[in-house]
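K.L.:
Residue numbers (this note's numbering): 212 to 361.
Below are the structure tokens for one structure; questions will follow.
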């Protein structure tokens, strides 16, 4: 059976990137005082974050396969996953903001503001995707399920 989870991880990467980019643009705009700077930082992140997020998803998916069923409470798992992603995402944002603004302090401020907003948004994103079957093989027939919000 072909692994259908790639479609799911790509869809999650796209939906998260939309949410994350809007958050970054708004925070960078508020902190820098310049809307254009906010857009440059937010748009620069689109490529780097999509790649990093996809890799993060694949690592978590691979790790899931070796964990016995019932060992991970979904809320605990999503909380730990949110923390690990936030570390990667914040470092990426700080570096990009520093490069774009030329100011390491601005990069640090934007990155620190994101820690709070993105942790909350990411947790909510994970909870939503936990309820969607898209890209998960149906155990009864081995086929990928359609979107089904429970």
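Cβ atoms here follow ideal geometry from the backbone N, Cα and C, with glycine treated the same way.
Grouping DSSP H, G and I as helix and E and B as strand, with all else coil, what is residue 249?
P.N.:
If DSSP states are grouped into helix, strand and coil, residue 249 belongs with the helices.
K.L.:
Beta-carbon separation of residue 308 and residue 300 under 8 Å?
P.N.:
Contact flag unset, no.
K.L.:
Less than 6 Å between C-beta atoms, sequence neighbours within five positions excluded: which residues of the same chain meet that for residue 261?
P.N.:
The residues are 224 and 228.
K.L.:
Please classify residue 342: does DSSP put it in a helix, a strand, or coil?
P.N.:
Coil, per DSSP.
K.L.:
Does the beta-carbon of residue 321 have 16 or more other beta-carbons within 10 angstroms, so that it is buried, or is it exposed?
P.N.:
When all chains shown are included, residue 321 counts as buried.
K.L.:
When DSSP labels each residue in this structure, what does residue 306 get in the three-state scheme?
P.N.:
Helix at residue 306.
K.L.:
So, at 8 Å on beta carbons, what are the nonlocal neighbours of residue 265 in its own chain, with the 5 sequence-adjacent residues on each side left out?
P.N.:
Taken in chain order, the residues that qualify are 220, 221 and 224.
K.L.:
Do you know whose CA, among 216, 243 and 329, lies nearest residue 312's CA?
P.N.:
Of the listed residues, the one whose Cα sits closest to residue 312 is 243.
K.L.:
Can you check which of these residues, 337, 323 and 234, is closest to residue 293 by C-alpha distance?
P.N.:
Among 337, 323 and 234, the Cα nearest to that of residue 293 belongs to 337.
K.L.:
Under 8 Å: do the segment 231–248 and the segment 268–275 share three or more Cβ pairs, one atom per stretch?
P.N.:
The answer is no - the segment 268–275 does not touch the segment 231–248, with fewer than three Cβ pairs under 8 Å.
K.L.:
From what residue to what residue does the alpha helix (DSSP H) around residue 347 run?
P.N.:
Per DSSP, residue 347 belongs to no alpha helix (DSSP H) and is neither H nor E.
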